[in-house]
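Engineer:
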Amino acid sequence: SIVFSRDGKSIISAWNDGVIRAFTPLTGKLIYAIPNAHNKGCSSLDVTSNGKILVSGGVEGQVRVWKIEPYVQSMIGVLKEHYGPIESVHINCFDTEVVSAS
């Protein structure tokens, strides 16, 4: 899965090695990486309009919520209701709700 931040300043990608990586669109330079974001691979993601919250879905069936700051990315929540790999996560346009599908 791959998304542009809504301000267009980063491309955020989910990798099957479980790492979430963000790059600059113009140069491809790594902005940040979240190692071990998911232990069996990251399958989907979305980001809020201000870029400060990222939601990711993993192959292990968990949805994780991340606080994104310039030098630190911290997990602030985990949802474990799914029984299969997360196929899709989406944040609504008001940044108030997240839907996920497995």
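Going by the UniProt record's numbering, the letters in the sequence shown line up with residues 1 to 102, in that order. Ideal placement from N, C-alpha and C gives every residue a C-beta, glycine not left out. Everything numeric in this text was worked out from a predicted model, so none of it was measured.
Quick check on this structure: which residue in A101, R21, Y83 and L30 has the alpha carbon closest to the alpha carbon of I91?
Structural biologist: Translated into positions along the sequence shown, residue 91 becomes position 91. Here the closest residue by C-alpha is A101.
Engineer: Looking only at its own chain, which residues have a Cβ that is under 8 Å from the Cβ of E97, when we skip the five neighbours before and after it?
Structural biologist: Within the sequence shown, the letter at position 97 stands for residue 97. Taken in chain order, the residues that qualify are I91.
Engineer: Which stretch, first to last residue, makes up the beta strand (DSSP E) that contains F94?
Structural biologist: Within the sequence shown, residue 94 is the residue found at index 94, counting from 1. Premise fails: F94 is in no beta strand (DSSP E) and is neither H nor E.
Engineer: What's the gap between the Cα of C93 and the Cα of S13?
Structural biologist: Counted from its first residue, the sequence shown places residue 93 at position 93. Counted from its first residue, the sequence shown places residue 13 at position 13. Rounded to whole angstroms, C93 to S13 spans 20 Å at the Cα level.
Engineer: Nearest to G18 by alpha carbon, out of N39, I68, I86 and S74?
Structural biologist: Locating residue 18 in the sequence shown gives position 18, where the first residue counts as 1. Residue N39 is the option with its Cα nearest to G18.
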